[in-house]
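K.L.:
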Amino acid sequence: MNEIALEATGIKKVYTKNGRSLEILDVPSFRVREREFITVIGPSGCGKSTFLHIMGGFIEAQAGSIQIYGKKVDGPGPDRGMMFQEFALFPWRTVAGNVAWGLEAQGVARARIDEVVLEQLDMTGLRDFAHHYPAELSGGMKQRVALARVLAFDPKVLLMDEPFGALDAQTREAMQDELMRLWERTHKTIVFVTHDIEEAVYLGDRVVVLTARPGRIREVVQIDLPRPRTLEVKKSIRCHEYRNYIWDLIRSESAR
Amino acid sequence: MAPVARSGSALRGKLPRAFRLVVLPVIVLVLWEIGARMELFNPIFLPPPSRIFSAAQQLLLSGELFRHFADSLRRIAIANVIAISVAVPLGFFMGLYRPFEEVIDGFLNILRPIPPLAWIPLAILWFGLGEKSVVFITLISAFFAILLNTIAGVRGVDKSLVRAALSLGATRRVLILQVVLPGTLPSLFTGFRIALGVSWMSIVAAELIASSSGLGFMISYYRELLRSDLILVGMLSIGIIGFLMDRGLLWLEQRLLPWRVRLEL
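Just so you know, the protein sequences line up as chains A and B, in that order.
Count along the first sequence starting at 1, add 460, and that's the number in this note's numbering.
Count along the second sequence starting at 1, add 371, and that's the number in this note's numbering.
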């Protein structure tokens with residue numbers, strides 16, 4: 461078995477508004493192994509995004525801790541690459557400039573940056589768009605840039621917050637395939653939050669199903685589908701069985 | 372992206388842009404000239420365009436218009452350079468640090484509603500008639516336009532960019548220089564353009580009262596001589612110069628912030 465890459469212990473998040481407190485999240489234990497692709501799904505408002513942002517260090521939990529390879533997380537950091545639904549590209553930077561951003565911020569040598577940027581642009585099929593500004597790109601392209609930007613940085617863990625949520629159905633499928641292709645090459649450790657059950661099953665080694673508020677882990681579904689995941693896999697009966705199973709879990713949660 | 376046909380495209384196709392821009396001014400000028408020649412109104416109060424044109428020639432050839440223009444422009448330049456160098460850093464820190472803003476804000480909020488022109492009497496007491504008073508009045512009007520837009524710009528920086536930067540390993544210094552600063556630039560340019568506009572408004576008023584040169588002074592001087600044609604030349608000069616300077620800034624903005632222009636496509 462691989463090493464534990466990310467571990468969350470005793471996470472509790474409570475929001476207090478007008479003197480009333482609302483329990484959002486309660487996760488006693490959550491572990492992600494190295495090279496694992498974990499998807500997190502749950503009924504809307506279950507705190508799955510909050511959970512990811514706690515792992516990213518953007519939100520502080522009232523209790524518990526996050527550890528990356530045994531090192532306690534204290535705020536955002538480059539060991540965890542974040543991807544957001546809203547792309548969050550720097551509009552004043554070209555595609556190449558965006559991909560180079562993290563490396564520049566860390567003071568990596570220029571020659572090395574150029575090398576990595578070129579490599580990432582090639583890998584994500586963005587080479588011809590290197591000198592375009594984000595405003596000139598489609599949604600799918602923008603998210604490719606965001607992916608290249610975060611991969612260029614080579615973080616230990618990738619945290620993805622519904623990254624394809626803002627894309628249309630076709631682009632989303634294309635991006636899923638793209639991500640699978642890249643993942644087969646890099647085997648990055650990924651925690652991927654989504655509200656799309658099919659996406660969760662298709663991408664994940666394990667699907668973590670959260671309960672309705674407060675978000676607790678209802679069940680962790682091991683997905684024994686062959687890799688690399690292809691269209692054939694997606695169309696398979698087993699894939700549909702997983703989908704239906706998780707669908708029922710979430711439906712029973714939403715009705716609660 | 373594929374070009375989308377717009378509903379007004381038929382009209383656009385038939386009338387060239389240059390024609391659409393000049394048609395109304397030409398009609399107004401022609402009617403005005405005819406009205407003056409037929410003495411529908413007193414040409415002392417409203418001289419015909421032809422008289423204004425020859426008055427403009429006279430002012431241009433004598434160098435008088437240019438002299439006054441240069442005086443006004445110099446004052447505007449000095450006032451805006453001072454305003455920018457104080458208001459931009461101040462606004463930047465006010466936008467970044469909430470406690471700092473709270474300390475400054477109460478004070479500024481009382482000064483801000485006072486019209487720049489209300490400062491003229493005090494300015495004359497402090498600096499006497501002339502250059503310094505005029506610059507001071509212009510400076511006050513430009514200052515607030517730049518300050519408020521700088522603060523709004525810093526506040527308006529996309530929070531998701533800040534989060535992205537932090538997750539890419541940005542230190543606080545990098546965050547401010549590489550995210551907040553470029554994110555504030557569009558709003559800064561808006562501030563500069565507004566400041567330039569209000570500069571012209573207040574400098575003319577200030578020169579009417581507190582100066583013996585400049586376009587504002589020129590206008591008021593010719594009122595005493597009942598030369599409405601020369602007054603109108605002065606007014607039109609301000610309009611044209613103001614317009615050209617605004618366009619110049621817009622051009623500069625498009626050159627310096629190309630990513631932003633493309634956003635508007």
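Each residue gets a CB set at the ideal place from its N, CA and C atoms; glycine is no exception.
Taking all protein chains shown into account, do 16 or more other C-beta atoms lie within 10 angstroms of the C-beta of B/Leu-596, making it buried, or fewer, making it exposed?
P.N.:
exposed
K.L.:
Taking the beta carbon of B/Gly-466 as the centre, do at least 16 other beta carbons fall within 10 Å, making it buried, or is it exposed?
P.N.:
buried
K.L.:
Check whether the Cβ atoms of A/Gln-580 and A/Val-555 lie closer than 8 Å to each other.
P.N.:
no
K.L.:
Taking B/Ala-523 as the query, report the chain A residues whose CB atoms sit under 8 Å from its CB, ordered along the chain.
P.N.:
Residues of chain A passing the Cβ test: none, with the nearest at roughly 17 Å.
K.L.:
From the beta carbon of A/Tyr-662, is the nearest beta carbon of chain E less than 8 Å away?
P.N.:
Checking the listed chains, one finds no chain E in this structure; the protein chains it contains are A and B.
K.L.:
Do we get a CB-CB distance below 8 Å when we pair A/Gly-516 with the residues of chain B?
P.N.:
yes
K.L.:
Would you call A/Gly-664 buried or exposed, if buried means 16 or more other Cβ atoms sit within 10 Å of its Cβ?
P.N.:
Here A/Gly-664 is buried, its C-beta having at least 16 other C-beta atoms within 10 Å.
K.L.:
Who are the Cβ neighbours of A/Arg-493 in its own chain at under 8 Å, not counting the five residues just before and after it?
P.N.:
Met-461, Asn-462, Glu-463, Ile-464, Ala-465 and Thr-649
K.L.:
In the DSSP assignment, find the unbroken beta strand (DSSP E) run with A/Ala-468 in it and report its ends.
P.N.:
Where A/Ala-468 is concerned, the enclosing beta strand (DSSP E) stretches over 464 to 477.
K.L.:
Output the boundary residues of the beta strand (DSSP E) element that contains A/Leu-485.
P.N.:
Annotation for A/Leu-485: the continuous beta strand (DSSP E) segment containing it runs 480 to 493.
K.L.:
Whose Cβ in chain B lies nearer than 9 Å to the Cβ of A/Phe-652?
P.N.:
What A/Phe-652 touches in chain B: nothing, since even the nearest Cβ is about 15 Å away.
K.L.:
Could you check where the alpha helix (DSSP H) with B/Arg-445 kicks off and where it finishes?
P.N.:
435 to 467
K.L.:
Do three or more CB pairs link the region 473 to 485 of chain A to the region 667 to 681 of chain A at distances below 8 Å?
P.N.:
Yes: at least three Cβ pairs fall under 8 Å.
K.L.:
I'd like to confirm the pairing. Which residues does DSSP put opposite A/Ile-528 in its beta bridges?
P.N.:
A/Leu-466 and A/Lys-531
K.L.:
Only counting the same chain, and skipping five residues up and downstream in sequence, which positions put a Cβ closer than 7 Å to that of B/Ser-378?
P.N.:
With a pLDDT of 47 at B/Ser-378, under the threshold of 50, the predicted position of this residue should be treated as unreliable, and no value is reported.
K.L.:
Taking the alpha helix (DSSP H) that A/Ile-683 belongs to, which residues open and close that run?
P.N.:
First-last for A/Ile-683: undefined, no H or E at that position.
K.L.:
When the Cα of A/His-700 is compared with those of A/Ile-657, A/Val-669, A/Val-668 and A/Leu-670, which residue comes out closest?
P.N.:
A/Ile-657
K.L.:
If you count every other CB in all the chains shown that lies within 10 Å of the CB of A/Gln-603, and 16 or more means buried, which is it?
P.N.:
buried
K.L.:
For the pair the region 472 to 491 of chain B and the region 409 to 422 of chain B, tell me if three or more CB-CB distances fall below 8 Å.
P.N.:
no
K.L.:
I'd like the span of the alpha helix (DSSP H) that includes A/Met-620, first residue to last.
P.N.:
No alpha helix (DSSP H) contains A/Met-620, which is instead part of the beta strand (DSSP E) from 617 to 621.
K.L.:
Using a Cβ-Cβ distance cut-off of 8 Å, determine whether B/Gln-428 contacts chain A.
P.N.:
Taking a beta-carbon distance threshold of 8 Å, B/Gln-428 does not count as an interface residue toward chain A.
K.L.:
B/Arg-377 CB to nearest chain A CB: under 8 Å?
P.N.:
The predicted model places B/Arg-377 with a pLDDT of 48, which falls under 50 and marks its position as unreliable, so this point remains unresolved.
K.L.:
Three or more C-beta pairs closer than 8 Å, one from the region 559 to 576 of chain A and one from the region 631 to 649 of chain A: is that the case here?
P.N.:
Result no; under three Cβ-Cβ pairs closer than 8 Å.
K.L.:
Apart from the five residues on each side of it in sequence, which residues of its chain come closer than 8 Å, Cβ to Cβ, to A/Gly-557?
P.N.:
Phe-550
K.L.:
Which residue comes first and which comes last in the beta strand (DSSP E) that contains A/Ile-710?
P.N.:
Per DSSP, A/Ile-710 belongs to no beta strand (DSSP E); it is in the alpha helix (DSSP H), 697 to 715.
K.L.:
Under 7 Å between beta-carbons, which chain A residues line up against B/Leu-537? List them in chain order, please.
P.N.:
Pro-536
K.L.:
Give the secondary structure of A/Ile-650 by DSSP, where H, G and I count as helix, E and B as strand, and everything else as coil.
P.N.:
strand
K.L.:
Under 8 Å, Cβ to Cβ, is there at least one residue of chain A near B/Val-545?
P.N.:
yes
K.L.:
Buried or exposed for A/Pro-594, please, with buried defined as at least 16 other CB atoms from any protein chain shown within 10 angstroms of its CB.
P.N.:
buried
K.L.:
What does A/Gly-562 touch in chain B if you count any residue whose Cβ is under 7 Å from its own?
P.N.:
Leu-539 and Gly-540
K.L.:
Can you find at least 3 beta carbon pairs, one from the region 455 to 470 of chain B and one from the region 507 to 522 of chain B, that sit closer than 8 Å?
P.N.:
Judged by pairs of C-beta atoms under 8 Å, the region 455 to 470 of chain B touches the region 507 to 522 of chain B, as three or more such pairs exist.
K.L.:
With 16 as the cutoff for other CB atoms within 10 Å, does B/Glu-635 come out buried or exposed?
P.N.:
Here B/Glu-635 scores only 47 on pLDDT, less than 50, and its place in the model should not be relied on; the value that follows carries that caveat. Label assigned to B/Glu-635: exposed.
K.L.:
Identify whether A/Thr-690 lies in helix, strand or coil by the three-state DSSP scheme.
P.N.:
coil
K.L.:
Compute every distance between the C-beta of A/Ala-608 and the non-hydrogen atoms of the ligand FMN, then say whether any falls below 7 Å.
P.N.:
Absence of the ligand FMN is noted for the structure shown, with no ligands found whatsoever.
K.L.:
What are the residues of the region 557 to 591 of chain A that lie near chain B, defined by any Cβ-Cβ distance shorter than 9 Å?
P.N.:
Trp-561, Gly-562, Leu-563, Glu-564, Ala-565 and Gln-566
K.L.:
Helix, strand or coil: how does DSSP classify A/Phe-511 here?
P.N.:
Residue state, collapsed to three classes: helix.
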